[in-house]
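Below is one structure, written out as structure tokens, with a few remarks after it.
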Amino acid sequence: MNENEIIEKVLKDIDKLFPKKCSCCGVVFENFLDFIEKTDIPVHAFDANFMVMHLHNVYDILALRNCKCKTTIALPCAIDPEFKKEIVLFLENEAKKLNIPTEKMAGLLRDKIIKIARDRSE
């Protein structure tokens, strides 16, 4: 799977998660772009907030964002377990090609996903 295919599938999967509500303050995010516009990247996780969690070969790929009330909201970026593995392999392979940490590659992919979502809304 190439980068464009991954981005398209991530955006499609993310669309299924909305509307989403902050569990603390109750603000409702109508769609992914609304979520991006009304939240911030946590300061402590600016470079690595697109996380790949691996526990006993079960991958969970999360984007972390802070609501205006400062609650951190985890947004799963892949629903299908096989797709999660494909993203992990893509990130590892691309990071190796570019000689950068996998976390940095995840951040670059995150930024592209957000840019495409914004571009499509205009």
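Residue numbers (my numbering): 18 to 139. Beta carbons are placed, not taken as given, at the ideal position from N, Cα and C, and that holds for glycine.
Original post:
When we look at the beta-carbon of R135 and count the other beta-carbons within 10 Å, is it buried (16 or more) or exposed?
Top reply: Residue 135 sits at position 118 when you count from the first residue of the sequence shown. When all chains shown are included, R135 counts as exposed.
Original post:
Mind pulling the beta strand (DSSP E) runs of 3 or more residues that sit fully within the stretch 20-55?
Top reply: With a minimum length of 3 residues, no continuous beta strand (DSSP E) run stays inside the stretch 20-55.
**OP:** Tell me whether K132 sits in a helix, a strand or coil according to DSSP, three-state version.
**Re:** Counted from its first residue, the sequence shown places residue 132 at position 115. Annotated three-state conformation of K132 is helix, per DSSP.
Original post:
Any idea what DSSP makes of N110, helix, strand or coil?
Top reply: Walking along the sequence shown from the start, residue 110 turns up at place 93. The answer is helix: DSSP assigns N110 an H, G or I state.
**OP:** Could you say which of K26, E109, S40, E20 lies nearest to A91 if we only look at CA atoms?
**Re:** On the sequence shown, position 74 is the one that residue 91 refers to. The shortest C-alpha separation from A91 is found at S40.
**OP:** Compute the distance between the beta-carbons of I96 and I23, then report whether it is under 8 Å.
**Re:** Residue numbering aside, residue 96 sits at position 79 when the sequence shown is read from its first letter. Residue numbering aside, residue 23 sits at position 6 when the sequence shown is read from its first letter. Taking 8 Å as the cut-off, the beta carbon of I96 is found no closer than this to the beta carbon of I23.
**OP:** Please confirm whether C94 and C42 have their CB atoms less than 8 Å apart.
**Re:** For the purposes of this step, residue 94 is taken as the residue at position 77 of the sequence shown. For the purposes of this step, residue 42 is taken as the residue at position 25 of the sequence shown. In this structure, C42 does not lie closer than 8 Å to C94 by Cβ.
**OP:** Measure from the alpha carbon of F128 to the alpha carbon of each residue in M18, V44, L50, L34, then state which is nearest.
**Re:** Position 111 of the sequence shown, counted from the first residue, corresponds to residue 128. In the sequence on display, residue 128 carries Asp and not Phe. With distances taken between Cα atoms, D128 lies closest to L50.
Original post:
If we ignore side chains and look at the alpha-carbon of each, how far apart do K101 and L125 end up?
Top reply: The residue given as residue 101 occupies position 84 in the sequence shown. The residue given as residue 125 occupies position 108 in the sequence shown. In this model, K101 and L125 are separated by some 17 Å (Cα to Cα).
**OP:** Mind checking who C84 pairs with in its DSSP beta bridge?
**Re:** Translated into positions along the sequence shown, residue 84 becomes position 67. The partner list for C84 (beta bridge, DSSP) reads T56.
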